Amino acid sequence: MHMKKIEYRKVMDKVGGGIIKFRVPIIILTAVLLVLSVFGIMKTTINSDIMSYLPEGTDTYDGSQFLHSNFNIQSNSVYAVKGEDMTDNEIKIAVDNIKEIDHVTNVLWKKSMGQEINFLKGGSDATKEIEKLFVKDGNYILMITMDVGASTDEAGEALSQINKELDSIEAEYVSGGTAPTSRKVYDDAISELPIYMIVAVVLVLLVLFLVSANYLEPLVFMLTMGVSIAINMGTNFFFPEVSIITFCAASILQLALAMDYSIFLTQIYSEERAKGLPMKGAMVSAIGTTLNTVFASALTTMGGFAAFFVMSFTLGADLGGVLLKGIGLAMLTVVILQPCLLILLSKPMAKLNHKKVLNFKFKAVAKFSVRHRIVIVVLFSMILIPAFIGQYFLPLSYLNFLPKTEGDPALVTAVQDMSNQLFLVTPASETSIEKNVAFVDTLRAIPGVSGVSGYYAFLPAEAIGDDGYFIAKYDSLQETVREKGTIYEMGKEKGYITEDGYTLYMIAMTKDYNIESQEAEDMLQAVRSAARAAFAEEWEAGKPCYITGVLQAVSEFREITPRDFRWITIISVLVIFAVLLISFRNFIYPFLLVLLIELGTWINFSLSTIFGQSLNFLAYIVVGAIQLGATVDYAILVTNKYRAIRKEGKDPLMAAYESGTSCTMSILTSASILVLACASVTIISSNAVIKEVTMMCMRGAVISTVLVLFVLPSLLACTSRLRTRALAAGGMHNLTKGFLRMVNGELHESSLVAKARLRIKKRSLLNPSERVEDLDTRGLVIIQPKKGYRFNSDSVILANLVDAKEGEKVYDLGCGSGIIGLLVAAKRKAQVVGVEIQPTLASMAKRSVLANRYDERMQVIEGDVRETASLFPQGDADVVVINPPYFKEGSGEV
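If you count by numbering that gives the first Met the number 0, then the sequence shown holds residues 0 to 893, one letter each, in order.
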């Protein structure tokens, strides 16, 4: 292992040396990459149609693909045009012009089938029914279909042309449907992105100025992160597309989550300089240390993001891929670009040092946590199950990512009524005419259905002949009607029926139903059941019905959300636990850390449950993994510090206290950056998904910080041979009292231990095969072998059982390394004489006495306990204690 560390250091020295040597070319290359990234950002395809991320195999996806390939429909728009001061002729002119716009495939309105059915029997009544569907409260409804995706530039251009046509007739209108909604989502997000990025940068800079000791450092940090964010956004160009959610949220999350890397490098560099290393040597050393530490930290963050790839909702892979790339790029810019900037700006930075404005230790928090550790651990255990259960009662929303339609209330209502529609494709043939007509009647009778449009829905029932031909209004027109072909053939000619024998229905839901309600779900299932029953023969023959639309998407969002949430949680926990297991090589620490931060996510969700706040399903799915991956680093920092202090020989309570106080400022800095960056988005963004993701991340960071600062020291203080240490101190109560005396300044264990260790070093009291450990909260140390037998709880118990008064003489027969004698001398203030036959152990005991300056209270004699009569006067001892080694019966030997 030691050789591996040496090899790693050699490699990192070469890498760091190369970075410093070629710092100017690196900066030039970075500038070139920045320019290319700007072009990449401009050319990146952004998808603002959230429903397009439903996976293959869902009805929404399959239905959308079928509409595209068979009806040339990829998106739709619904326009409600105010009827006041508008004539049918003016609307007809606009409709005819709209039909000529590129990518518009059809426009349905009140006169769509007027010419085709007016000459049929019952045609006048059918025309009136059609007009009822496309006229709401005297306002015109235009249903427009397009052959391009809702979020494409082509769709945006088509919408602009449609708006111009309606503006040309001075119409007042409101639009909805997939294309206008996607365009509004895109426009709002893109316009808000620079605003909240600027606010976030200002707020984060404020935090950095308060906690740094140099005026230029925060600017270097921000420049480094800015470069990594720009390159990350620019390299999205290589993806087929990125979602608008990813495009806007990833940059803020990258800034908030990766800033720690930049701060850490500068701190290590400053520490190396303080040791007297030259500037370049200090930076080379800092690069190696940073890469090692930051890589471990980044792995936990990336572990949370990697879990997104198991989502069936493909937006997860989109978001996860960009965030993974962003964290990786941030790590690279910190270890490659930032050293170059620090070296380049070293002279002006040397003149701009200042005293840190904020540098708190928050000792009271750590003291409270350790002092009341039992109560805190009990409370921690008690809230685990309620918090876990509470997250599953969180009310979810599936469509609140859609922007609110604004305008005349009557027009808005009309648009919403027609936008929340189902697209239903059913088989059609020469022999299924009556079946389709009857099916339309069945659909209209379903509760919640406000209207059905489609070829067979528009046909007057009395005009359908038994022979498959239309019946004309007048006998004189019958021959002319028959010449046009059968009902089925005419439908194919007009494009209402495909060559493969399918027809399309659009089913509108009443405005009285909330699209996320159980009534809406019941309506959807009733439509599905009706289609399955009406076309059972065709279905079995391989011609199924297809159903898609917003209502169907909501149903599938509701179905896949629990599954995606469950798998993301499991994968993120397992990945992060595995990373921690490799790092700590210990089961208990990874378990406690993951459980602690998971509790934070459960509390975060449960708070929304308690306050009755609904949460967007996408935020619900991804926030837990983001919070776990982002804030587990806080817990890792404290735990690593705790373990380092324990290795110095300090007891668990003092180690938990010192690790809490020493890490508080770093944790608060990191959490503040995350909170403020997310707050800027939460306050400014109008996109509900982005807003709720950042709001939950912000709240989650606060919760995790509180848990790490208040609960983690308690958990750590209850580990690591605590029972043994408590016994050594005379019980758990005395252990706590000793700890409080130390932190209150009555006892200074750290200085006592340090002085003892210094004496050992100066007087060469330690052999290479030995180690020094702290013995109890009195600042005692003991020399023990590195390998083999060391003292255990039996010695501590026995020492506590010795009932000796101050000044009395105690003989410790077979004293070993002197553990019992030292504890009795310290606790009872007795005069102790230890006898040990083994020269090695006797030597250790003598040197431990010297290290603790107990040579006036205790002496160690190398001798045989069988010869005590010759060693001590008879009746000299007030108390005799002996702790012989254990042997099986009949196997011992003296």
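We put the CB at the ideal spot given by N, CA and C, even for glycine.
Predicted model only: the values in this text are computed from it and were never measured.
Other residues of its chain near residue i: CB distance less than 6 Å, five sequence neighbours each side excluded
{"i": "ARG698", "result": "ASN603"}
{"i": "ALA829", "result": "ALA803, GLU807, VAL809, VAL823"}
{"i": "VAL832", "result": "TYR810, GLN858"}
{"i": "ILE26", "result": "CYS339"}
{"i": "LYS274", "result": "none"}
{"i": "THR608", "result": "GLY389, PHE392, LEU393"}
Coil, strand or helix - residue i by DSSP
{"i": "ALA79", "result": "strand"}
{"i": "ALA876", "result": "coil"}
{"i": "GLY500", "result": "coil"}
{"i": "SER763", "result": "coil"}
{"i": "PRO470", "result": "As written in the sequence, residue 470 is Ile, which differs from the Pro given in the question. Correct three-state label for ILE470: coil."}
{"i": "THR44", "result": "coil"}
{"i": "GLN420", "result": "strand"}
{"i": "LEU32", "result": "helix"}
{"i": "TYR512", "result": "coil"}
{"i": "LYS808", "result": "strand"}
{"i": "TYR619", "result": "helix"}
{"i": "THR144", "result": "strand"}
{"i": "LEU344", "result": "coil"}
{"i": "LEU734", "result": "Note that LEU734 scores 49 on pLDDT, short of 50, meaning its location in the model is unreliable; the coordinates nonetheless yield the value given after this. Helix at LEU734."}
{"i": "ILE168", "result": "coil"}
{"i": "GLU647", "result": "coil"}
{"i": "GLY599", "result": "helix"}
{"i": "SER135", "result": "It is worth fixing the name first, because residue 135 is Lys in this sequence and not Ser. Correct three-state label for LYS135: strand."}
{"i": "MET505", "result": "strand"}
{"i": "VAL692", "result": "helix"}
Beta-carbon spacing of residue i, residue j below 7 Å
{"i": "ILE189", "j": "TYR139", "result": "no"}
{"i": "ASP863", "j": "ILE836", "result": "yes"}
{"i": "MET310", "j": "ASP563", "result": "yes"}
{"i": "THR412", "j": "LYS510", "result": "yes"}
{"i": "TYR454", "j": "GLY490", "result": "yes"}
{"i": "ASP713", "j": "ILE375", "result": "Inspection of the sequence shows that residue 713 is occupied by Ser rather than by Asp. Yes, the Cβ-Cβ distance between SER713 and ILE375 is below 7 Å."}
{"i": "PHE312", "j": "ILE559", "result": "yes"}
{"i": "GLY662", "j": "LYS640", "result": "The displayed chain sequence assigns Cys, not Gly, to residue 662. Yes."}
{"i": "VAL173", "j": "ALA30", "result": "no"}
{"i": "SER671", "j": "VAL206", "result": "yes"}
{"i": "VAL572", "j": "VAL593", "result": "yes"}
{"i": "GLU171", "j": "LYS109", "result": "no"}
Residue environment, residue i, which counts as buried when at least 16 other CB atoms sit within 10 Å
{"i": "HIS353", "result": "exposed"}
{"i": "GLN612", "result": "exposed"}
{"i": "GLY302", "result": "buried"}
{"i": "ASN88", "result": "exposed"}
{"i": "ASN75", "result": "buried"}
{"i": "GLN517", "result": "exposed"}
{"i": "LYS350", "result": "exposed"}
{"i": "GLN524", "result": "exposed"}
{"i": "TYR512", "result": "buried"}
{"i": "ASP773", "result": "buried"}
{"i": "PHE70", "result": "buried"}
{"i": "ASN585", "result": "exposed"}
{"i": "ASP317", "result": "buried"}
{"i": "SER380", "result": "exposed"}
Close beta carbons around residue i, own chain, < 7 Å, minus the five adjacent residues each side
{"i": "SER904", "result": "Past the boundaries of the shown model lies residue 904; the chain is included only from 0 to 893, so the question cannot be answered."}
{"i": "SER768", "result": "PRO784, LYS785"}
{"i": "GLU429", "result": "GLY467, THR485, TYR487"}
{"i": "ALA178", "result": "SER74, ASN75, SER76, MET145, ALA149, ALA154, LEU158"}
8 Å CB neighbourhood of residue i in its chain, flanking five on each side removed
{"i": "GLU191", "result": "CYS247, ILE683, SER684, SER685, ASN686"}
{"i": "ILE860", "result": "VAL832, GLY833, VAL834, GLU835, ALA841, LEU870"}
{"i": "HIS922", "result": "Because residue 922 is not part of the residues shown, which for the chain are 0 to 893, the question remains open."}
{"i": "CYS717", "result": "ARG372, ILE373, VAL376, PRO651"}
Beta carbon proximity, residue i to chain C, threshold 7 Å
{"i": "ARG562", "result": "The displayed structure is made up of one protein chain only, and chain C is not part of it."}
Do three or more CB pairs link the segment 564–580 to the segment 324–331 at distances below 8 Å? no
Segment contact flag, the segment 113–128 with the segment 78–85, C-beta cutoff 8 Å, min 3 pairs: no
Measuring CB atoms only, is the segment 491–499 touching the segment 158–171, in the sense that at least three cross pairs come out at less than 8 Å? no
I'd like to know if the segment 254–273 and the segment 42–58 are in contact, where contact means that at least 3 CB-CB pairs between them fall below 8 Å. no
Check whether the segment 94–113 touches the segment 130–144, counting contact only when three or more Cβ pairs, one atom from each stretch, lie closer than 8 Å. yes
Tell me, please, whether the segment 208–221 touches the segment 339–349 by the rule of three or more beta-carbon pairs shorter than 8 Å. yes
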